[in-house]
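One structure below.
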Amino acid sequence: MKRVAILISGGGSNMVRLVESMTGDHPARAVLVASNDPAAAGLAKARALNVATAAVDHRAFGSDRKAFDAALLQPILAAEPDILCLAGFMRILTPGFVRRFEGRMLNIHPSLLPKYPGLHTHQRALAAGDAEAGCTVHEVTAELDAGPILGQARVAVRPGDTAETLAARVLAMEHRLYPAVLRRFAEGDRTPVLLP
Ligand code: GRF
């Protein structure tokens, strides 16, 4: 049984779908939900799902990213995860942290990578007049939003879309894509999941 730790920063809607997907004959189970924000609403949702939680407030470390990562690493190592899933995790991890989990750390990003790495992805897709948008699950490497792609889901951009309406449509696809990718990844299969 693969042990999965999930990192969040906010509401954790992707985390909830991942935890709920790991049941029955699924080869993985959630063993920890950790956040850089002790007030993250997702932590209460994780507790309600009977998953252990941890929080390390990144603000206590100022600009010392290495010290924050070292502190966050403690509860994660204690949970002995096989796989790390970043899900709405809004901190950039140091190369040292990434190296410890390279090849077994996933992230979901709300764009069709390699388009629009970084922030404000929906605004950028709308500004570019794209006909399609979507989300990508990729392996995390030291370069931001650039690792091998494990899955993508596409949505049509509709006339009158705002960043909010597009974000909501993409988020619904994230909730389908991430669990599908995690299951395949936990089974040792890196064939990309492409939706629809
Ligand atoms: C959402 O914008 C999603 O696109 C991205 O992280 C944000 C929060 O997601 N992956 P969640 O509800 O905390 O999973």
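Numbering (our numbering), first residue to last: 982 to 1177. Heads up, the beta-carbon is just placed ideally off N, CA and C, and yes, glycines get one too.
For R1085, the CB contacts under 7 Å within the same chain, skipping 5 residues up- and downstream, are D1063, I1064 and L1065 in chain order. In this structure, the alpha-carbon of G991 lies about 15 Å from that of I1073.
Counted as a single uninterrupted DSSP element, the alpha helix (DSSP H) harbouring I1057 occupies residues R1046 to A1060.
The nearest non-hydrogen atom of the ligand GRF is less than 6 Å from the C-beta of P1091.
Taking all protein chains in view, the Cβ of E1155 is crowded by 16 or more other Cβ atoms within 10 Å, so the residue is classified as buried. Under the 8 Å Cβ criterion, the stretch 1023-1031 does not count as touching the stretch 1109-1128, having fewer than three qualifying pairs.
Per DSSP, E1120 lies in no alpha helix (DSSP H); the unbroken beta strand (DSSP E) holding it starts and ends at E1113 to E1120.
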